[in-house]
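Protein sequences appear in the order of chains H and Y.
Under the numbering used here, the very last position in the first sequence is 360; numbers go up by exactly one each time.
Under the numbering used here, the very last position in the second sequence is 1360; numbers go up by exactly one each time.
There are 2 protein chains.
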Amino acid sequence: MSRAYNFSAGPAMLPEPVLRRAMDEMLDWHGSGMCVAEMSHRGKEFMSIAEQAEADLRELLAIPDGYKVLFLQGGASTQFAMVPLNLMGRGEGADYIKTGSWSKKAIAEAKRFGAVRIAATTEEDRFTRAPAQDELALDAGSAYVHYTPNETIEGVEFPYIPDVGERPLVADMSSTLLSRPIDVARYGIIYAGAQKNIGPAGLTIVIVREDLIGAATEQTPTMLDYRTHAESGSMYNTPPTYAWYLAGLVFQWLKDLGGLSAMATINERKAAALYAAIDASDFYANPVEPGSRSWMNVPFTLADPELDAKFLAEAKAEGLLTLKGHRSVGGMRASIYNAMPEEAVQALIAFMQEFERRNG
Amino acid sequence: MSRAYNFSAGPAMLPEPVLRRAMDEMLDWHGSGMCVAEMSHRGKEFMSIAEQAEADLRELLAIPDGYKVLFLQGGASTQFAMVPLNLMGRGEGADYIKTGSWSKKAIAEAKRFGAVRIAATTEEDRFTRAPAQDELALDAGSAYVHYTPNETIEGVEFPYIPDVGERPLVADMSSTLLSRPIDVARYGIIYAGAQKNIGPAGLTIVIVREDLIGAATEQTPTMLDYRTHAESGSMYNTPPTYAWYLAGLVFQWLKDLGGLSAMATINERKAAALYAAIDASDFYANPVEPGSRSWMNVPFTLADPELDAKFLAEAKAEGLLTLKGHRSVGGMRASIYNAMPEEAVQALIAFMQEFERRNG
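Written out as structure tokens, the structure reads:
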């Protein structure tokens, strides 16, 4: 086939113009005679790429002064340790909001490095909603409050930014960063694995308020100390240069598209169309409360799970790939990140309706 | 320019056939409709790429049974912490051999997690040689012995594998792995950042004997525990998939070339030619003892450092890039890894001779 519509939760589709530009520049970036992957990270060519990428990201997110932007490795799973190692010393334990599979992982890791209180959980509702502000029980002495604005597996999204007072708010935005404008000033730390909306796997973006840097516990490995990377422009050691470059191309694509407000309009429209199609049918169902539904990850089930395999096989034959739900929840999941074109969502809806007509 | 000869110490040149194949497969890998960077790491397409890469690496290095091969993130600098966090508990402190800038970094990090003894150092010789076997003072209770077979900055290489008895031998092979056959069975752990001989920056290869897995200290972050990655086939979280794929293409290129014996013959010839040219001249000098000279990194100085800038500018105009020595030692450095063609070394030698003729 030519280009497929790939609904993977991550790694996920990249914008085709980004891939085409990477292809064109593979053997010779801007007359340098080098692929970006071959460049010394300290040479002027790569430094210009790195600086442009950071500047574009700052512009897209309107990141205020007083925040460092770090280009790291290790994924959100490494941040699950870095956050407590760097911040636990600031208070007496931390508050975590438990809304699904990824916040559970963050909590399990944080418990290894300090006291963790669950400020709210929706586990008794099988993670089908985000808790409301007045459900959050925050401790006076919290070092920080951690939450997961978008739960990739459950398809649950916070429709608001929690008010946590003076405590630093820490957010795992792996599956939502860059999908819409956000008010960065409300956060202490935002982190995100790149492999959904940013670029290829192997790059992790961390946006950290400067006053939160420099108080890591003594046993923190140098590479897990935010200070190490903040003081060196993310070049304490060799960064993932090619992934950084591809992320920079994604940032330029977003700017060309009109920035995050324009992206948000498209994303909202894609999600609304897909949820509407699901809700209009008794054949498909999504379990999440309408006010907490994710724009990015849309899990749905077939009324008859016996048809799951047939659905997946026929979808694949139509070029609609990776629709199988996460192994922990089953069913289907359509991840519709920034790079997923609107016509792909329309194609998925048309396929779903046709499949229901033949099998419903 | 078209393709340049890039003598960077890392990230470094990649084989042109590897880049061409990546370019051809950028929009559609093997009819999948996806770039490899877009594939779910748990899908059958990427799993086949990952497994083939590991199988090819095992074949190239003749890795015996009883070793895990891990595809990680974080570079050698993260291994500097992972090694003591995972192994210190096995004995009373560890022995480190100090031969240059990178072993010093490994030592500094290990000291944060346990007692470090210096089994040998060549610091009084300004790191111009590898210590001999009979200079190594190893402790009876050592948890492990760590060394750096090739010091990238000083251009010093061990001409032998240290005999450390029953202690596990741990080697930072970042700048030498895959440059020649090695006897893996002599090692407990071999680790290497990819960005010299393996692939793009952002991938770290770890080859670890299975009995060394599973005794990490309690405070070890989950992502820094070898067990986490050994038990999950390096897929505890999303691995750096595109870098893994490019490394796999490099492994196939090496196999097509005849494997590591064939590669070693070429590498030895490249290094011999360049050192012979340096030694034949009073205009250029390399400070390293002949028996400890690196095949991979060839530092050299000009008799008149005033000419350095001119040398670099004229070399660049000839398409000979990134010859400036590391900022800590000055002078020049030609890194001539696997992907550096023999004709490039000949071109460098011809340029050096011509430059000397005009300026000597």
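Just so it is clear, CB atoms sit at the ideal spot from N, CA and C, and this is done for glycine as well.
Next item on the list: Give the residues of chain Y in contact with residue 23 of chain H, contact being defined as C-beta atoms less than 8 Å apart.
Entry: Ordered by position in chain Y, the residues that pass the 8 Å Cβ test against residue 23 of chain H are 1023, 1026, 1027.
Checklist line | Runs of alpha helix (DSSP H) wholly within the segment 170-229 of chain H (minimum 4 residues, chain order) | finding: none
Next item on the list: For the segment 238-247 of chain H and the segment 115-122 of chain H, state whether three or more C-beta atom pairs, one from each stretch, are separated by less than 8 Å.
Entry: For the pair of segments examined, the segment 238-247 of chain H was found not to touch the segment 115-122 of chain H: the number of CB pairs separated by less than 8 Å stays below three.
Notebook entry, point to check: In whole angstroms, what separates the C-alpha of residue 76 of chain H from that of residue 288 of chain H?
Noted result: 24 Å
Check: Starting from residue 145 of chain H and walking both ways along the beta strand (DSSP E), at which residues does that stretch end?
Finding: 145-147
Item checked: Range of the contiguous beta strand (DSSP E) that encloses residue 78 of chain H -> Taken as a continuous stretch (DSSP letters only), residue 78 of chain H belongs to no beta strand (DSSP E), being part of the alpha helix (DSSP H) at 75-87.
Notebook entry, point to check: With distances taken between CB atoms, is the gap from residue 1177 of chain Y to residue 1153 of chain Y smaller than 8 Å?
Noted result: no
Next item on the list: Would you verify that the beta carbon of residue 55 of chain H is, or is not, closer than 8 Å to some beta carbon of chain Y?
Entry: no
Margin query: Please classify residue 1041 of chain Y as buried or exposed, where buried requires at least 16 neighbouring CB atoms within 10 angstroms.
Written below: With 16 or more other Cβ atoms within 10 Å, it is buried.
Next item on the list: For the segment 334-347 of chain H and the segment 1308-1315 of chain Y, state whether three or more C-beta atom pairs, one from each stretch, are separated by less than 8 Å.
Entry: Touching, no, given that fewer than three Cβ pairs across the two stretches are closer than 8 Å.
Margin query: In the DSSP output, which residue or residues are listed as bridge partners for residue 1151 of chain Y?
Written below: Y:1156
Checklist line | chain H contacts from the segment 1003-1019 of chain Y (Cβ-Cβ distance under 9 Å) | finding: 1003, 1004, 1005, 1006, 1008, 1009, 1010, 1011, 1012, 1013, 1014, 1016, 1019
Check: Starting from residue 96 of chain H and walking both ways along the beta strand (DSSP E), at which residues does that stretch end?
Finding: 94-98
Notebook entry, point to check: Secondary structure at residue 358 of chain H, three-state DSSP: helix, strand or coil?
Noted result: helix
Checklist line | Where the beta strand (DSSP E) through residue 118 of chain H begins and ends | finding: 116-121
Next item on the list: Identify, in the order they occur along the chain, each residue of the same chain with its Cβ nearer than 7 Å to the Cβ of residue 1188 of chain Y, setting aside the five sequence neighbours on each side.
Entry: 1144, 1168, 1169, 1170, 1209, 1212
Next item on the list: Count the other CB atoms, across all protein chains shown, that sit within 10 Å of the CB of residue 1064 of chain Y; report buried if there are 16 or more and exposed otherwise.
Entry: exposed
Checklist line | Selected residue, minimal CA-CA separation from residue 61 of chain H, among H:23, H:182, H:6 | finding: For the set H:23, H:182, H:6, the Cα lying nearest the Cα of residue 61 of chain H is the one of H:182.
Check: If we ignore side chains and look at the alpha-carbon of each, how far apart do residue 224 of chain H and residue 1348 of chain Y end up?
Finding: 40 Å
Next item on the list: Please state if the CB of residue 1103 of chain Y and the CB of residue 1157 of chain Y are separated by a distance shorter than 8 Å.
Entry: no
Note to self: Let me confirm a value: residue 1361 of chain Y is counted as buried when at least 16 other C-beta atoms fall within 10 Å, else exposed. Which label applies?
What the structure shows: Outside the displayed span of chain Y (1001 to 1360) sits residue 1361 of chain Y, for which this structure offers no information.
Check: What distance in whole Å lies between the Cβ atoms of residue 204 of chain H and residue 52 of chain H, which are believed to be in contact at a cut-off of 8 Å?
Finding: Their Cβ separation, rounded to whole angstroms, is 19 Å, which puts residue 52 of chain H and residue 204 of chain H out of contact at 8 Å.
Item checked: Burial state of residue 1147 of chain Y, where buried means 16 or more other Cβ atoms lie within 10 Å -> buried
Notebook entry, point to check: How many angstroms separate the CA atom of residue 1255 of chain Y from the CA atom of residue 319 of chain H?
Noted result: 34 Å
Margin query: Looking at the secondary structure, which residues open and close the beta strand (DSSP E) in which residue 44 of chain H lies?
Written below: Unbroken run through residue 44 of chain H is the alpha helix (DSSP H), 44-61; no beta strand (DSSP E).
Notebook entry, point to check: Taking 8 Å as the CB-CB limit, is residue 1337 of chain Y close to chain H?
Noted result: So, not an interface residue.
Notebook entry, point to check: Using DSSP with H/G/I as helix, E/B as strand and the rest coil, what is residue 245 of chain H?
Noted result: Note: residue 245 of chain H maps to helix in three-state DSSP.
Item checked: C-beta atoms of residue 159 of chain H and residue 335 of chain H nearer than 8 Å -> no
Next item on the list: Given a cut-off of 8 Å, decide if residue 1297 of chain Y and residue 1327 of chain Y are closer than it, judged by their beta-carbon atoms.
Entry: no
Item checked: chain H contact for residue 1237 of chain Y (CB, 8 Å cutoff) -> yes
Next item on the list: Just the chain H side, please: which residues come within less than 8 Å of residue 1222 of chain Y by C-beta, in chain order?
Entry: 77, 80, 81, 109, 112
Check: Measuring CB to CB, does residue 1130 of chain Y end up less than 8 Å from residue 1099 of chain Y?
Finding: Their beta carbons are under 8 Å apart, which means residue 1130 of chain Y touches residue 1099 of chain Y by this criterion.
Margin query: Closer than 9 Å between beta carbons: that is the criterion. Which residues of the segment 1123-1149 of chain Y meet it against chain H?
Written below: none
Next item on the list: Please list the partners that residue 1195 of chain Y has in chain H, where partner means a Cβ-to-Cβ separation under 7 Å.
Entry: 238
Margin query: Judging by CA-CA distance, which residue of H:295, H:23, H:281 is the nearest neighbour of residue 270 of chain H?
Written below: H:295
Next item on the list: Can you grab the Cα-Cα spacing for the pair residue 1216 of chain Y / residue 1090 of chain Y, in whole Å?
Entry: 9 Å
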